[in-house]
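**Student:** Got a structure here, written out as structure tokens. Questions coming.
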Amino acid sequence: MKPTLLMVHPSNELYGSDRVLLESIRALMNDWKIEVWLPTDVAYPDRLLSKELDALGITNFDINLPVFRRALMTPRAFPTLVRRYLTTFRRLRQRKPDAVYVNTSALASVIHMCRIQRVPAVMHLHEYVDGTARRVIQPLIGGPSEIIAVSKAITRPLSKALQNKTHIVYNGFNIDVLPENNVQTPLVVAVASRWTPGKGYGELFDAWDLVERRDVELHVLGGPPPSGEVYDVHERIRRLRRPDSVKVIGEVSDIREALTQAHAIIVPSRNPDPLPTIAIEANAFGRAALASINKGGLSEIIEDGVTGAFFNLDSPQELATILETLDVETLQRMGVEGRERYKRLFDPQRFANDIHRIVSPLAPAPGSKKR
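Residue numbers (the UniProt record's numbering): 1 to 371.
Structure below.
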């Protein structure tokens, strides 16, 4: 009989961490009986992740999980978190899994539950644990649990003790179709992420308003988050000098068509991005990636001047100049180099092997009694 692996996750969409969860499941489902718990505190009408789990035959439940969200990081909201913690704690004790995989630090308290109940656990870290989060989350993920980090960048704020038990595993995505890089004019640049101020949409549109050439379009994918601060993309586009140069595509379950239509992907993040999925996908599809200079993991994906280019987000003119001078030949050359970099660093089989190597030792020894 396969050992039981409980996987807990804080959203029900198909953005970066959701897709990493699916890749981890594919890497482990042959050796584990997997069950996934998803949150109920935020409404996800499309339930995109649940649909993917159902297609894989993975049992999944909606649970009132104690997800750390910005709106709950107040003294007034603390009792709500405590109630959710206790509900999940009891459910975990009743379920008695052989091991637990916690995806993102938003559910760090589940690692704490596992430590109390002596359940082997692994934390898959997708974000920076610094500032207030450092004081709250780092103590919760201490102890014997293993940590997987998606980039070197996000390990820097961790304590030495946590760094010593952290495995760096770059995300690997299995993208089925690799279309030829033969898209025609107008030249298309695509941006895809949550519509939040930290993703740099304001700065991107400021730069776009300075672009004079008429043979370039901006395609905007993604949408507002289900909770938290929102950047009004539609309102800002209405105020552009040439609003017809921007096409809003919105949220899609499969980004391949958008990548096929684009010559380049732009990642204008204001906040440090741990390891943006869209930049990896750009590499996989042979598309150049243009990205803001920050302290995140973008420098681990993009090789400046080779697979893409970096720009200073505080200088709209600098980004506008890059957009003015883009040419198809250069972008195609960068795309070819990006594809080779993807195969070296972000291969899905390499990801699967690493996840399997780290999680497999959590399984109970043959013949041992269940807790």
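Even glycine gets a Cβ: it sits at the ideal position worked out from N, Cα and C. Quantities reported herein were computed from a predicted structural model and do not represent experimental measurements.
Exposed or buried, what is ARG341 when buried is set at 16 or more other beta-carbons lying within 10 Å of its beta-carbon?
**Tutor:** buried
**Student:** Just reading off the alpha helix (DSSP H) that LEU20 is part of, what are its end residues?
**Tutor:** The question names Leu, but residue 20 is Val in the sequence shown. Element bounds for VAL20: 16-28.
**Student:** Within the same chain, show all residues whose beta-carbon is closer than 7 Å to that of LYS343, passing over the 5 residues directly before and after it, in chain order.
**Tutor:** Excluding residues up to 5 positions away in sequence, nothing lies with its Cβ nearer than 7 Å to the Cβ of LYS343 in the same chain.
**Student:** Considering only C-alpha positions, which residue in the set ALA106, ILE111, GLN94, ARG90 is nearest to VAL100?
**Tutor:** ILE111
**Student:** Give me the Cα-Cα distance between VAL230 and SER368, rounded to the nearest whole angstrom.
**Tutor:** 50 Å
**Student:** Pull the bridge partners of LEU298 from the DSSP assignment, please.
**Tutor:** None, per the DSSP bridge assignment.
**Student:** Quick check on the DSSP output: what are the complete beta strand (DSSP E) runs of length 3 or more inside the stretch 80-136, in order along the chain?
**Tutor:** 99-103, 121-125
**Student:** Whose CA, out of SER360, LYS33, LEU221, ARG47, lies closest to the CA of PRO10?
**Tutor:** ARG47
**Student:** Within a Cβ cutoff of 6 Å, which residues of the same chain sit near ASP354, ignoring the five residues on either side of it in sequence?
**Tutor:** VAL169
**Student:** Mind reading off the beta-carbon distance from PRO220 to VAL191? Whole number of angstroms is fine, and I expect it under 8 Å.
**Tutor:** The sequence shown places Val at residue 220, rather than the Pro named in the question. Indeed they touch by this definition, with Cβ atoms about 6 Å apart.
**Student:** Could you check the C-alpha separation between ARG287 and ASP304 for me, to the nearest Å?
**Tutor:** C-alpha separation (whole angstroms): 14 Å.
**Student:** Roughly how many whole angstroms lie between the Cα atoms of ILE358 and GLU52?
**Tutor:** 24 Å
**Student:** Give the secondary structure of ALA161 by DSSP, where H, G and I count as helix, E and B as strand, and everything else as coil.
**Tutor:** Correct three-state label for ALA161: helix.
**Student:** Starting from ALA320, trace the alpha helix (DSSP H) both ways and give me its first and last residue.
**Tutor:** 316-325
**Student:** Should the stretch 63-71 be called in touch with the stretch 12-19, which here means at least 3 C-beta pairs below 8 Å?
**Tutor:** Look at the beta carbons and you see the stretch 63-71 not touching the stretch 12-19: under three pairs across the two are nearer than 8 Å.
**Student:** Looking only at C-alpha atoms, which of ASN12, GLN317, PRO366 sits nearest to PRO45?
**Tutor:** Restricting attention to ASN12, GLN317, PRO366, the CA atom closest to the CA of PRO45 is found in ASN12.
**Student:** Taking buried to mean at least 16 other C-beta atoms within 10 Å of its own C-beta, is ALA55 buried or exposed?
**Tutor:** exposed
**Student:** Short of 6 Å in beta carbon distance, which residues of its chain neighbour PHE89, apart from the five on each side in sequence? Order them along the chain.
**Tutor:** MET113
**Student:** Applying the 10 Å Cβ sphere with the 16-neighbour rule, what's the burial state of VAL248?
**Tutor:** exposed
**Student:** Going by the beta-carbon positions, is the gap between VAL189 and LEU218 smaller than 8 Å?
**Tutor:** yes
**Student:** Classify LYS51 as helix, strand or coil using the three-state DSSP reduction.
**Tutor:** In the displayed model, LYS51 falls within a helix according to three-state DSSP.
**Student:** Provide the residue(s) that pair with PRO194 in DSSP beta bridges, ordered along the chain.
**Tutor:** The question names Pro, but residue 194 in the sequence shown is Arg. Answer by DSSP bridge pairing, in chain order: GLY223.
**Student:** For the beta strand (DSSP E) containing ILE63, name the first residue and the last one.
**Tutor:** 59-63
**Student:** Could you compute how far the alpha carbon of PRO361 sits from the alpha carbon of ARG115?
**Tutor:** 17 Å
**Student:** Would you mind working out which of ALA77, LEU38, ALA43, PRO79 sits nearest ASP62, comparing C-alpha positions?
**Tutor:** LEU38
**Student:** From PHE351, THR307, GLY297, pick the residue whose C-alpha is nearest to that of TYR128; which is it?
**Tutor:** GLY297
**Student:** How is GLY202 classed by DSSP in three states: helix, strand or coil?
**Tutor:** Correct three-state label for GLY202: helix.
**Student:** Three-state secondary structure (DSSP) at THR166?
**Tutor:** strand
**Student:** State the Cα-Cα distance for the pair ARG239 and GLY335, rounded to the nearest angstrom.
**Tutor:** 32 Å
**Student:** Any idea which residues DSSP pairs LEU5 with across the strands?
**Tutor:** According to DSSP, which records beta bridges pairwise, LEU5 is partnered with ILE34, ALA99.
**Student:** Ordered along the chain, which non-local residues of its own chain (more than five positions away) have a Cβ less than 7 Å from that of ALA309?
**Tutor:** So the qualifying residues of the chain are LEU290, ILE322.
**Student:** Compare the beta carbon distance of MET123 and VAL136 with 8 Å and say whether it is the shorter of the two.
**Tutor:** No. Outside cutoff.
**Student:** Under a three-way DSSP split, which group does ILE249 fall into?
**Tutor:** strand
**Student:** Run the CB neighbour count on PHE78, radius 10 Å, all protein chains shown included, and call it buried at 16 or more, exposed below.
**Tutor:** exposed
**Student:** Are ALA284 and PHE173 close, meaning C-beta to C-beta below 8 Å?
**Tutor:** yes
**Student:** How about GLU35 and THR4: are their beta carbons less than 8 Å apart?
**Tutor:** yes
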